[in-house]
Structure formats: structure tokens, C-alpha cells
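Heads up, the thing below is written out as C-alpha cells.
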Amino acid sequence: MSTHSTHAAGLSRRHLLAASAGAVLVPFALGLPQTVFAQTAATRQPLNPPVKLRVGIIAAMFDAVSLIAVEKGYFRAEGLDVEVRAFPGSGDAAQALAIGALDVLASGPNPMIFNSRQRNIDLTIVASAGQHSPGHGSISLVLRRDLVESGRYKTPADLKGMKIASGLAAPSSWFVSELARKHGVSEKSFEIVQLGLPNVVAGMGNKSIDGGCINEPHATQVLQRINGVRVMSMDQFKPNFPNGYLLYAASLTRRNQEAGRRYMVAYIRALRDYRAAFIDGDKGRAELVTILKKYNMEVVPETPMLDFPADAAPSYVGLDELVDWHLRMGNIRAKPDMASLKDDSFRQQALKVLAG
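This is how it looks when you write it as C-alpha cells:
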């Protein structure tokens, strides 16, 4: 039976290392060879005994599909006992994946992925964790209303001199930096500060910051709490830019590929539910809103919902520009070999299973 417990993610490095040491043994402790897993996959019987897996979340929209699969029992139907581990931010979650304390993580395109091969971190992009399709921008630049109404902000050129909250090496920072640069504002002419959501709300309220470049569903929450203004979203700046990727650790790509295939089947089933509720219509929407709320993801009618492609194919639109920015900022040392970071076989096999 799936474990729905959520770990506070202030896990120490010692605890994470201890967790990773035990995780390596999972496929072998079952006493079943890979051929048995392949046979059970063909007959669509759940793995027995269930395989324990750990998925990390930060309560961002790219986590939605895995959480839906947990709550609707899709992983359990595949013979996977999936434990959800919550982290306060992407950096903590990335560290856990890097040291083997997680098997699966949805993550935005970031230096952790791009630097992984040089740092001997064995992670692989296996599917989409959402993209900013037109009308579905999940990162927004939000400013204080007084700045817009007073005329202090009219165009992105007016970002000069402003203080904007964002993750320092996150796609949101690239978004606001490139938006400013294309309107003649250098990165030294405004300030990016890293703040948690409560501090963004407080900072905009007391005018210590001018705005934030924020992920959904939190951007909509900020708009509602401080009556801010959404001046631009990622889908307007770079349509179809990837919001995130589903990443597998070596525990699934090398040591227990059958569990990786099973995870993907459940993931795409949940993705289809997500699309039915939020993209193609509203079938089952209330149920999924309740599921997401359980994990501190407040979805309201005004929330622009992230798009997940129906076939879960990852987008690489704009990635070269993002990589070039990271090189300029010193966040990465060299351009990554993206081909070495991808494995599309899990997604393709899951689609065949679901079509059968």
C-alpha cells in the first residue's frame, strides 16, 4: 500500500546519506531478477512484493502529476510503494537526488541538471514535467500595483532600479533578466533577491521589494493577497519553454528499469487526468484540486494551469538560450551534452502499454 507520508525536508546531509545507502539495495533485496519484472509488466500484474520508491516534491505545479498518481492509487496498481518527500526548495531536493536519497524528482531546467555529468551525478530526463504553452504560463512577473498605476512601470525597460524576488539560478531569474536585457536594462541595473513566498508577500506589502518572478500556484496567491499586477508570463516571453522535467535516478535507469517503466505508466495515467481536469475541460477538476491542496498547492479558478503534453514528451524550446545565460552568469562551466541526459525509452514503452 502506498505511503502518503510527507517528510519535512530539512533533512540533514547525514540523514540523506543514510537513506541513500539503503536505497541502493532495493532492487536486489526483492530477490527477483530483471527478467521477472519484464514478464510481470507484459501481463500487467502489479509487482509483488511492491517496490519502494521515493519521489521528492517542492509543491510546485510540476509536481502535480506524480501527486495525482499517488493519491489515485495508480502507483499502487503497478506494484509501487511510493513515498512522497517534501522539500522547502529545489536546491534541497536536488541535493537529495544527487546523493541517492530520491528515485524520482520533477525539476525545472537548472544548473543541477546541466552540471550533472561533470559532477558524476547520475540523473536522466525521462519525460515532461510541464511546459509554458500559450495561455498556460506558469511563471509570472508580478509587480506592486502602485508601480503600475503611478506609471513607474510601463514597459520592461522600467525594471531598471527595481528589486525583484526570484530564485537566483532559476528559470524565473533568466526570464526577468532576459526580459530586462532585451529592453536595454543590464543585469547590474536591477537586483534579484532570493526570498521564500511568505517574505515575497510581506516584502511587496511593505514595499521593500518591487515584485517577484514567481511560479504558480504561488503567483496567483501573491496577486490575491497584495493586489499585485501580473505584467508578463513565461508563455508570452518564450512560448512552450519547459517548465520542468521528470528526472530518474540511477536506481531506476540502471538498477531497476522495470520499476522505472511502471512509474511512467502511472505517471502518464495521472497526466491524462490532469489534462481532462485543467487543460481539455473540467472533468474531475474538483477531485484534483482537493488532492493538490493536500500538498499546499492552492488552485483557484484564476490560476493559469501549467500544460502537460498529452504524450509527456519533454520540451527543449529555448534551452540553448537558458544555457548561454547560465554560462555568462558562471552557474555552469560548459555546455551540457543534452543527448547524454535523455532517455526516452521509459516514456515510449509506457505509451505502448497504455495503448494496448
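First residue of the sequence shown? That's 1013 in this note's numbering, and the numbers climb one at a time after it.
Note that the Cβ used here is the ideal one computed from N, Cα and C, for glycine as well.
Between which residues of its own chain and L1304 is the CB-CB distance below 7 Å, once the five residues before and five after are set aside?
A1076, L1079 and V1311
Applying the criterion that 16 or more other CB atoms from any shown protein chain within 10 Å of the CB defines a buried residue, is H1338 buried or exposed?
buried
What residue range does the beta strand (DSSP E) around M1244 cover?
V1241 to S1245
Collapsed DSSP secondary structure at H1144 in the structure displayed
strand
For V1213, which three-state DSSP category applies?
helix
Who are the Cβ neighbours of I1151 in its own chain at under 8 Å, not counting the five residues just before and after it?
H1144, P1183, S1184, F1187, C1225, I1226, N1227, E1228, A1231, S1245, M1246 and N1255
Nearest by alpha-carbon distance to M1141: which of D1134, A1362 and G1120 is it?
For the record, residue 1141 in the displayed sequence is Ala; it is not Met. Here the closest residue by C-alpha is G1120.
DSSP beta-bridge partners for L1012?
Summary: the structure shown does not reach residue 1012, with the chain confined to residues 1013 through 1368, and so no result is reported for it.
In the structure shown, what three-state DSSP assignment does F1253 receive?
strand
Own chain, CB closer than 6 Å to L1117, minus 5 neighbours either side, in chain order
G1068, A1105, L1109 and L1259
Are the CB atoms of L1159 and A1192 nearer to each other than 8 Å?
no
Which residue's Cα is closest to the Cα of K1393: N1127, S1198 and R1156?
The structure shown does not extend to residue 1393, since the chain spans only 1013 to 1368, so no value can be given for it.
For the alpha helix (DSSP H) containing V1234, name the first residue and the last one.
H1230 to I1238
Outcome for N1239 when other beta-carbon atoms lying within 10 angstroms are tallied against a minimum of 16
exposed
What residues in its chain sit with their C-beta under 8 Å from that of R1131, if we drop five residues either side in the sequence?
A1110
Is it the case that the Cβ atoms of G1149 and P1313 are separated by a distance below 8 Å?
no
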